[in-house]
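Please read the structure below before turning to the comments.
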Amino acid sequence: MSVILIVEQVLNGLQFGVMLFLMAAGLTLIFGVMGLINLAHGSLYMIGAFAAAATAEVTGSFLLALAAALAAAAAAGAIIEVTVIRRLYAAPHLNQVLATFALILILSEGTRWVFGSFPLFLDIPDILSGTVTLPGGIQYSLYRLILIATGFAIAIGLWVLIERTRLGIQIRAGENDREMIAVLGVDISSLYTLVFALGAALAGLAGALVGAIQSVQVGMGEPVLILAFVVIVIGGIGSIRGALVGALLVGLTDTLGGVFLPEIFKVFMEPGAAQRSGSALAAMGIYVLMGGVLVWRPTGLFGVRRCI
Amino acid sequence: MSEPVLQTSGLTKRFGALLATDAVSIDLRAGEIHAIIGPNGAGKSTLIEQICGGVRPDAGRVLLMKKDISALGRHARARAGLGRTFQISALAMEDSVLENVVLGAIGAGAGPWHFWRSALASETLTDRARSALSRVGLMDRHDRICATLSHGQRRMLEVAVALTLLPRVFVMDEPMAGLGADGSKLMTAFLDDLRHEAPILLVEHDMDAVFTLADRISVMVHGKVIATGTSAEIRMNRLVREAYLGDLA
Amino acid sequence: MHLNETALNGAILLGLLSLPLYALIVDEPYTITLMTRVVILALAAVGLNIILGVGGLVSFGHAIFFGIGGYAMGILAYHAQTFTILDFGLFITDGTRLMPVIWLVAMAVSATAAFLIGILSLRTSGVYFIMITLAFGQMFYYFAISWPEYGGEDGLSIYVRNTFPGLNTLAPIQFFAICLVLLCLALYIMARLRRSPFGLALNAARQSGIRVETVGIDPVRLRLLAFVLSGTVTGLAGALYADLNRFVSPVMFSWQFSGELIVLIVIGGVGRLMGPVVGACVFVALEHLLGGLTEFWLIILGLILLGIVLFDRGGIIGFLTGRAGAHV
């Protein structure tokens, strides 16, 4: 097992992690501000990917494709917020779960209706394909490096947005005290639509960026959505910082576990059995991580502890 | 003077910069009503929560009949003998009045680990429940859904549930709140008798009721007990007058 | 005019019994199979209804127990049909094709899994519980996929339906009867359970956790036991479902199935005794009718669901009996 392999897999884990962060950040923001659990967040990821793939197909431009992903996901987010989601803020969790589950059905089948059941492909633009040589002579995909950089840039951007801008003040006020921001004269329903559209845009961007290294197909969003839930349980609901830390932990655990667990098992097992047991166990790695966090800190690493 | 039934020693709880309770030591003796009064935000509710197990104190202990119950959760303290009523009714609103009281009988009796017999068909449970209901005058409403009760009736139902527990101590958080003049009078008369069954730790804003009922009164200000004494003593206490009346005293 | 709920319940059961009998007479075995599917889905949802309807906790991971039940059947029958040995370290068996044994194993393993998942997930509540159960469901799904001994992603086929002493399980109507008896048994137990001290306390804990704590009952233990019972019943349904299809695959663990189970309950009426049965009938009917009409029938289902949620009337039973609340 070489250093190169380790570095490569750590980078892969980081890349996976920051993409999960884009999903988890939106989910946790929406939960923190509006108290809503949104199962349809994975559909927004899918919409972003499809919008990007379709735009790239027509225009051939990757940048336009990304812009389309952002715009389509944000627009879809705003539309479902205004038509459905805003009736659910005060509703019990069961209603939120059902209505957003219904949205998954509608959006997934709607997408299948428009684009068909076959996967689309979004190509990495030529300038971004290929590899770069890292210090130590390690060859690594340029595109994946850019994903990592983009993810961290967005994390910093979100931090600035929430800590340093007027909108951020309103968002934080909304998390703490809903009546207060209404008193302060903030138009609360536009704020909610805006936050929802922002979360949707992040999901759509993630879908488009990941769509270039995986296939774009109906149902691609939900596995990522559930991983983002694991991220939030680990990081703590409502915490952007928790979402980042949780996302990186999940990304690294999943990627490194999948590669190294079988290797470790080979030390004391015959290779075939080691490969099988190793990958089966690696498939459970992040959930074991989640279980451990639940035992240690039930409200997540950065979650708020309720006193009563 | 009799032994204290309930005793707190040095209960301290800090929420960030706010010292909600500051080394609060009070006791409650057999047969008495001990009222805790104080302005809003004085820490009365936090004190009650620490006694009943909802808030874990940073320091201090709670003793019930000389047994340290500080490490127990809410339900274990209830089983140990704390009978509590809430400031805001915490009832099962969709259930009937009788079901709410039967729940108390279940908790105080054999517990909920019975899966086959109907709870409402069990005479052990319903007898206990009905006798509690008739004591608070809610027997004629036993089949009403709790949500349809008036505010005062819900208060009485809270007390009835606590009665089914046959507690060693009652801890009551503002039982008079929101009752009309007649309701307060009824509740006052009821509590007056109840103290002989088990002593009552009473947090209350209704000063008429407090000064009529309480054998002793403790005054809390900014998380501290600044005075404890009989109603006459408290009326005359300089610190209390300052706290309530400011510089006028 | 609003219907009496007890009369309605009787009518539903009568319908459940008479339609397959009619199908038997006119010789339409497919209808019997469809009705068997209804009964098994209803049984799975009866299980979920304990924790969701009475306990008020939205478990989005009940496919776990359905899948465990399915694989319990699949694994035991697979070893029996291949004459191989199943060695779990603690015990060694050559599998079985006897339904009662399979059911017991399915229920025992489901109960154990529910206990472990419950201990972890009930440390939290609300949306955490939803997300955690969803995540554990995904864990089982991926585990089943990456477990090649029993078919991995392709699943396991069982060639002949398992046996029940004295009955010919290959005859659709006889297998239907087995499933219906089990459903009625589960409904009877559920009806007793809801009125028992345990049911009353669990129902109260849904409305106010502090209330049950104040009378000396630990709500976490109530919910844990409810979750275990709930998983056990759904696990039994999983074993029957696998026997109906003579096939198990990771799809039984999928999050979509967990979602569909919740949908069944909500269509029928949350917390109602017969809610799952009505929900299963409507769901399978919609799937069958709309599915024949358009391949995008899930869009229509989604719209119906949205309608139900946004104009909440307590499901179909609540609508028919004119009582929105799920009061027992």
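Residue numbers (the working numbering), protein chains in the order written: chain A, 1 to 308; chain B, 1001 to 1249; chain C, 2001 to 2328.
For each residue, glycine too, the CB sits at the ideal point set by N, CA and C.
Bear in mind the structure is a predicted one, so any value in this text is a computation, not a measurement.
I believe residue 2110/C touches residue 2069/C by the beta-carbon criterion, under 8 angstroms. Please report the beta-carbon distance rounded to the nearest angstrom.
Mapped onto the third sequence, residue 2110/C falls at position 110. Mapped onto the third sequence, residue 2069/C falls at position 69. That pair is a contact at about 6 angstroms.
Please report the residue range of the beta strand (DSSP E) in which residue 1023/B lies.
On the second sequence, position 23 is the one that residue 1023/B refers to. Per DSSP, residue 1023/B belongs to the beta strand (DSSP E) from 1018-1024.
Neighbouring residues, chain C, relative to residue 1093/B (Cβ below 9 angstroms):
Here residue 1093/B refers to the residue found at position 93 when the second sequence is read from its first residue. By Cβ distance, chain C contributes 2207, 2208.
Cutoff 7 angstroms; reference residue 232/A; Cβ partners in own chain excluding five residues on either side:
In the first sequence, the residue the question calls residue 232/A occupies position 232. So the list reads 24, 27, 28, 243, 246, once near-sequence residues are dropped.
Beta-ladder partner(s) of residue 1216/B, from DSSP:
Here the question's residue 1216/B lines up with position 216 in the second sequence. 1034/B.
Please report the straight-line C-alpha distance between residue 2331/C and residue 2078/C, rounded to a whole angstrom.
Chain C is shown only over 2001 to 2328; residue 2331/C falls outside these bounds and no answer can be derived.
Any Cβ of chain A within less than 9 angstroms of the Cβ of residue 2153/C?
Numbered from 1 along the third sequence, position 153 holds the residue referred to as residue 2153/C. It does not; no Cβ of chain A falls within 9 angstroms.
How about the stretch 71-78 of chain A and the stretch 2258-2272 of chain C: do they share at least three Cβ pairs that are nearer than 8 angstroms?
no
Residue 79/A touches chain C at which residues, Cβ-Cβ below 9 angstroms?
By one-based count along the first sequence, residue 79/A stands at place 79. The contacting residues do not exist; residue 79/A stays about 14 angstroms from chain C at best.
Please go through the stretch 67-144 of chain A and give each complete beta strand (DSSP E) segment of 3 or more residues, from N-terminal end onward.
131-134, 138-141
Would you mind giving the Cβ-Cβ distance between residue 1018/B and residue 1060/B, rounded to the nearest angstrom? I have them listed as a contact below 8 angstroms.
As a position in the second sequence, residue 1018/B is number 18, starting the count at 1. As a position in the second sequence, residue 1060/B is number 60, starting the count at 1. Contact doesn't hold; Cβ gap of about 17 angstroms is too wide.
Closest residue to residue 283/A among 2139/C, 2220/C, 2321/C, 2247/C (Cα-Cα distance):
Counting from one through the first sequence, the residue named residue 283/A turns up at place 283. Ranking 2139/C, 2220/C, 2321/C, 2247/C by Cα distance to residue 283/A puts 2139/C first.
Since residue 2318/C contacts residue 2238/C with CB under 8 angstroms, what's their CB separation in whole angstroms?
Indexing the third sequence from 1 puts residue 2318/C at position 318. Indexing the third sequence from 1 puts residue 2238/C at position 238. The pair is not a contact, with the Cβ atoms about 28 angstroms apart (cut-off 8 angstroms).
Leaving out five residues before and five after residue 1062/B in sequence, what residues of the same chain have Cβ atoms less than 6 angstroms from its Cβ?
Working through the second sequence from its first residue, we reach residue 1062/B at position 62. Cβ within range, chain order: 1008, 1051, 1069, 1070.
Could you list which residues in chain A have their beta carbon closer than 8 angstroms to that of residue 2329/C, in chain order?
No answer is possible for residue 2329/C: it lies beyond the span of chain C, which begins at 2001 and ends at 2328.
Within chain C, the residues that residue 1032/B reaches when beta carbons sit closer than 7 angstroms:
In the second sequence, the residue the question calls residue 1032/B occupies position 32. Those within 7 angstroms of residue 1032/B in chain C number zero; the least Cβ separation is about 23 angstroms.
Since residue 2192/C meets chain B, which of its residues come closer than 9 angstroms, beta carbon to beta carbon?
The residue given as residue 2192/C occupies position 192 in the third sequence. Ordered by position in chain B, the residues that pass the 9 angstroms Cβ test against residue 2192/C are 1115, 1116, 1117, 1118.
Check each candidate in 278/A, 221/A, 263/A and name the one with the smallest Cα separation from residue 20/A.
Translated into positions along the first sequence, residue 20/A becomes position 20. Measuring from the Cα of residue 20/A, the nearest candidate turns out to be 221/A.
So with CB distances below 9 angstroms, who are the chain B contacts of residue 2312/C?
Counting from 1 along the third sequence, the entry for residue 2312/C is found at position 312. Within 9 angstroms Cβ-Cβ: nothing; residue 2312/C doesn't reach chain B, min ~15 angstroms.
Short Cβ contact (9 angstroms threshold) for residue 2229/C with residue 2193/C
As a working mapping, residue 2229/C is identified with position 229 in the third sequence. As a working mapping, residue 2193/C is identified with position 193 in the third sequence. Contact: yes.
Cut-off 6 angstroms between Cβ atoms - residues of its own chain near residue 1084/B, not counting five sequence neighbours on either side
The sequence position of residue 1084/B within the second sequence is 84, counting from 1. Hits under 6 angstroms: 1052, 1171.
Where does the unbroken alpha helix (DSSP H) through residue 1009/B begin, and where does it stop?
Walking along the second sequence from the start, residue 1009/B turns up at place 9. Unbroken run through residue 1009/B is the beta strand (DSSP E), 1004-1015; no alpha helix (DSSP H).
Let me confirm a value: residue 2083/C is counted as buried when at least 16 other C-beta atoms fall within 10 Å, else exposed. Which label applies?
In the third sequence, the residue the question calls residue 2083/C occupies position 83. Exposed: under 16 other Cβ atoms inside 10 Å.
Going along chain C, which residues have a C-beta under 7 angstroms from residue 1099/B?
In the second sequence, residue 1099/B corresponds to position 99, counting from 1. Near residue 1099/B (Cβ distances below 7 angstroms), the residues of chain C are 2200.
Hey, out of 1115/B, 1015/B, 1034/B, 1183/B, whose CA is closest to residue 1219/B's CA?
For this step, residue 1219/B is matched to residue 219 along the second sequence. Nearest C-alpha to residue 1219/B: 1034/B.
Output needed for residue 2291/C: all residues of its chain with C-beta closer than 8 angstroms, excluding positions within five of it in sequence on either side, in chain order.
In the third sequence, residue 2291/C corresponds to position 291, counting from 1. Taken in chain order, the residues that qualify are 2297.
Would you mind working out which of 1044/B, 1189/B, 1127/B sits nearest residue 980/B, comparing C-alpha positions?
Residue 980/B lies beyond the stretch modelled for chain B, which goes from 1001 to 1249, so this question has no answer here.
Of all Cβ atoms in chain B, is any one closer than 9 angstroms to the Cβ of residue 2074/C?
Translated into positions along the third sequence, residue 2074/C becomes position 74. Taking Cβ atoms only, chain B never reaches closer than 9 angstroms to residue 2074/C, which makes this a no.
Do residue 15/A and residue 144/A have their beta-carbon atoms positioned less than 9 angstroms apart in this structure?
Taking the first residue of the first sequence as 1, we reach residue 144/A at position 144. Taking the first residue of the first sequence as 1, we reach residue 15/A at position 15. Yes; because the gap between Cβ atoms is below 9 angstroms, this pair is in contact.
Going by alpha carbons, who is nearest to residue 2226/C out of 2103/C, 2057/C, 2028/C, 2036/C?
Here residue 2226/C refers to the residue found at position 226 of the third sequence. The shortest C-alpha separation from residue 2226/C is found at 2057/C.
Since residue 2306/C meets chain A, which of its residues come closer than 7 angstroms, beta carbon to beta carbon?
Taking the first residue of the third sequence as position 1, residue 2306/C is located at position 306. Neighbours of residue 2306/C on chain A, chain order: 84, 99, 102.
Per-residue DSSP class, three states only, for residue 2134/C
The residue given as residue 2134/C occupies position 134 in the third sequence. Three-state result, residue 2134/C: helix.
Where do the N-terminal and C-terminal ends of the beta strand (DSSP E) with residue 1172/B fall, by residue?
If you number the second sequence from 1, residue 1172/B lands on position 172. Start and end: 1169-1173.
Would a check of beta-carbon distances place residue 2213/C closer than 9 angstroms to chain A?
In the third sequence, residue 2213/C corresponds to position 213, counting from 1. Not one chain A Cβ lies under 9 angstroms of residue 2213/C.
Which residues of chain C have a Cβ atom closer than 7 angstroms to the Cβ of residue 232/A, listed in chain order?
For the purposes of this step, residue 232/A is taken as the residue at position 232 of the first sequence. Per Cβ cutoff of 7 angstroms: 2131.
Whole angstroms is fine: what's the gap from residue 1077/B's alpha carbon to residue 164/A's?
Looking up residue 1077/B in the second sequence gives position 77. Looking up residue 164/A in the first sequence gives position 164. The straight-line gap from Cα to Cα measures roughly 47 angstroms.
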